[in-house]
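Colleague: I have a structure here, written as structure tokens, and I will follow up with some questions on it.
Residue numbers (my numbering): 13 to 272.
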């Protein structure tokens, strides 16, 4: 597809541009919704800034965890420089779920410290998460990463930075997920505007995305990400995310009713 371009000797990836487009589209929308409902735009900006830190560390940490079978190479480093290079190889990639969970944790801490309404913050953030991820998956498609399984009627990548993705027709699973995320965005936005399921929209996003991601993983062809019990790492995480978010979704209104 179109992995990127070089300007002034520096390579600019399509994924980075799409991610930036997602940030500068989704975040302002979310901040607008929050401010419209009586919140402070500065407070929400702080939540996103701290959340971004959590995203950065979370996505790399989970990538490193998927590489546990290869951690032994750290002990084989010839010197400190070689150790850093091997460490960068093991933790240099990213996993969306790691970034999502890390961002939620850091953003949640920021909201707690600022004494914000967690329900209002997460309700306004949920549609934005889906929209941002939609842009991200388009970037994946352009870059040729997160590619799908071989298919007679698929898309042929020729310039993917991942060599194994090139040369054969593959299911454009990145675009399937982008469409799924866009549908989630509009659904969550509608619920937010109608005031339906207040304080629980993030949970709706989490268990809905977990189901979609679990299914779409069957069409992913990048098997190097690791497997556990015959399932991909993301499928295992999807099961955990679905169970926890679904339970919280069911229990939360009961607690509210008991305290009323």
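Here a beta-carbon is modelled for each residue, glycine too, at the ideal position from N, C-alpha and C.
Just to confirm, is the Cβ distance from residue 99 to residue 148 under 9 Å?
Modeller: The count along the chain shown starts at 1 and reaches residue 99 at position 87. The count along the chain shown starts at 1 and reaches residue 148 at position 136. Going by C-beta atoms, residue 99 is not nearer than 9 Å to residue 148.
Colleague: Which of the three DSSP states, helix, strand or coil, is assigned to residue 127?
Modeller: Position 115 of the chain shown, counting from 1, holds the residue named residue 127. Note: residue 127 maps to coil in three-state DSSP.
Colleague: Return the Cβ separation of residue 172 and residue 159 in integer angstroms, given the expectation that the two are a contact with Cβ distance under 8 Å.
Modeller: Residue mapping note: residue 172 aligns to position 160 of the chain shown, counting from 1. Residue mapping note: residue 159 aligns to position 147 of the chain shown, counting from 1. Rounded, the Cβ-Cβ distance is 7 Å, consistent with contact.
Colleague: What residues match up with residue 16 in a beta bridge as DSSP calls it?
Modeller: Counting from 1 along the chain shown, the entry for residue 16 is found at position 4. Its beta-bridge partners are 25.
Colleague: Relative to the C-alpha of residue 62, which residue among 120, 75, 260 and 81 is closest?
Modeller: Against the chain shown, residue 62 aligns to sequence position 50. Cα-wise, what sits closest to residue 62 is 120.
Colleague: If distances are taken between C-alpha atoms only, which option among 38, 241, 164 and 76 comes closest to residue 138?
Modeller: Numbered from 1 along the chain shown, position 126 holds the residue referred to as residue 138. That would be 38, whose Cα lies nearest to the Cα of residue 138.
Colleague: Can you list, in chain order, the residues of its chain whose CB lies under 6 Å from that of residue 47, leaving out five sequence neighbours each side?
Modeller: If you number the chain shown from 1, residue 47 lands on position 35. Cβ within range, chain order: 53.
Colleague: When you measure from the CB of residue 157 to every non-hydrogen atom of the ligand COA, does any distance come out below 8 Å?
Modeller: Annotation note on the ligand COA: not contained in the displayed structure, which lists no ligands.
Colleague: Report all residues from its chain with a CB closer than 7 Å to the CB of residue 75; omit the five preceding and five following residues, and keep chain order.
Modeller: Numbered from its first residue, the chain shown carries residue 75 at position 63. These residues qualify, in order along the chain: 103, 105, 106, 107 and 110.
Colleague: Taking the alpha carbon of residue 209 as the reference point, which residue from 243, 231 and 262 has its own alpha carbon closest?
Modeller: The residue you call residue 209 lines up with position 197 of the chain shown. Per the Cα distances, 262.
Colleague: What does the Cβ neighbour count give for residue 59, buried or exposed, with the cut at 16 atoms within 10 Å?
Modeller: Along the chain shown, read from residue 1 onward, the residue named residue 59 stands at position 47. Label assigned to residue 59: buried.
Colleague: Could you compute how far the alpha carbon of residue 271 sits from the alpha carbon of residue 56?
Modeller: Looking up residue 271 in the chain shown gives position 259. Looking up residue 56 in the chain shown gives position 44. Bear in mind that a pLDDT of 41 at residue 271, under 50, signals an unreliable position, so the number given afterwards is only what the model happens to contain. The straight-line gap from Cα to Cα measures roughly 28 Å.
Colleague: Using the beta-carbon count (16 or more within 10 Å), is residue 269 buried or exposed?
Modeller: Counting from 1 along the chain shown, the entry for residue 269 is found at position 257. Confidence at residue 269 is low in this model, with a pLDDT of 44, below 50, so the placement of that residue should be treated as unreliable; the coordinate-derived value is given next. With fewer than 16 other Cβ atoms within 10 Å, it is exposed.
Colleague: Taking C-beta to C-beta, are residue 116 and residue 214 nearer than 9 Å?
Modeller: By one-based count along the chain shown, residue 116 stands at place 104. By one-based count along the chain shown, residue 214 stands at place 202. Yes. Within cutoff.
Colleague: From the DSSP output, in three-state form, read off residue 149 for me.
Modeller: On the chain shown, position 137 is the one that residue 149 refers to. Helix at residue 149.
Colleague: State the CB to CB distance for the pair residue 14 and residue 26, rounded to an integer number of angstroms; the pair is presumed to be in contact (CB under 8 Å).
Modeller: Translated into the one-based positions of the chain shown, residue 14 becomes position 2. Translated into the one-based positions of the chain shown, residue 26 becomes position 14. Confirmed, Cβ separation roughly 5 Å.
Colleague: How would you call residue 45, buried or exposed, if buried means at least 16 neighbouring beta carbons within 10 angstroms?
Modeller: To locate residue 45, count along the chain shown from 1; it is residue 33. The residue is buried, with at least 16 neighbouring Cβ atoms inside 10 Å.
Colleague: Tell whether a beta-carbon distance below 9 Å holds between residue 243 and residue 220.
Modeller: One-based indexing of the chain shown puts residue 243 at position 231. One-based indexing of the chain shown puts residue 220 at position 208. Not closer than 9 Å, so no.
Colleague: Whole angstroms is fine: what's the gap from residue 164's alpha carbon to residue 211's?
Modeller: For the purposes of this step, residue 164 is taken as the residue at position 152 of the chain shown. For the purposes of this step, residue 211 is taken as the residue at position 199 of the chain shown. One C-alpha to the other measures close to 45 Å.
Colleague: Since residue 179 and residue 168 should fall inside the 8 Å C-beta cutoff, what is the C-beta to C-beta distance between them, to a whole number of angstroms?
Modeller: Along the chain shown, one-based indexing puts residue 179 at 167. Along the chain shown, one-based indexing puts residue 168 at 156. That belief holds up - the Cβ atoms of residue 179 and residue 168 are roughly 7 Å apart, short of 8 Å.
Colleague: According to DSSP, is residue 172 helix, strand or coil?
Modeller: Here residue 172 refers to the residue found at position 160 when the chain shown is read from its first residue. Here residue 172 sits in coil by DSSP.
Colleague: Tell me the rounded alpha-carbon separation between residue 225 and residue 92.
Modeller: Start at 1 with the first residue of the chain shown, and residue 225 comes out as number 213. Start at 1 with the first residue of the chain shown, and residue 92 comes out as number 80. Whole-angstrom Cα-Cα distance: 39 Å.
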